[in-house]
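Let me begin by presenting the structure, written as structure tokens, before commenting on it.
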Amino acid sequence: IEPLTETIHLPNADVYSLSVVLYRMVVGKLPFDGLSERAVIEAILHRTPPQPRSICKELPEKVDSLIMSSLDKSPQARPTATEVVAVLEEFVM
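Letter by letter, the sequence shown follows residues 4 to 96 of the working numbering.
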């Protein structure tokens, strides 16, 4: 989202990117869509995607929460990469 808003690229931007990948892995589609590039950008900037758990019922609540918090519009509100790894390790290790 930072490249769209011309803010400084912080490590939290990578957390955002990872959350988009995780969302697609879990849900089977991207968190934001639209009929045009502009519509997708508007969705990214102004909408909240459906919670993954509303589509994938068996997804652990903690992973759902991680994905949604990582998609936060505000970089400062996102978890750190260390926090993301800690949650994911619970489910893959």
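Quick reminder that beta carbons are idealized off the backbone N, C-alpha and C, glycines included.
As the structure is a computational prediction, the values presented were derived from the model and not from experiment.
In the structure shown, Asp36 adopts coil according to DSSP, grouped into three states. Scanning Arg81, Thr51, Asp67, Glu93 for the CA closest to the CA of Met28 turns up Asp67. Per the Cβ contact rule, the region 86-96 is not in contact with the region 36-55 (fewer than 3 Cβ pairs under 8 angstroms). The straight-line gap separating the alpha-carbon atoms of Lys60 and Asp17 is approximately 26 angstroms. Of the candidates Val87, Pro34, Ala84, Ala80, the residue whose Cα lies closest to the Cα of Arg56 is Pro34.
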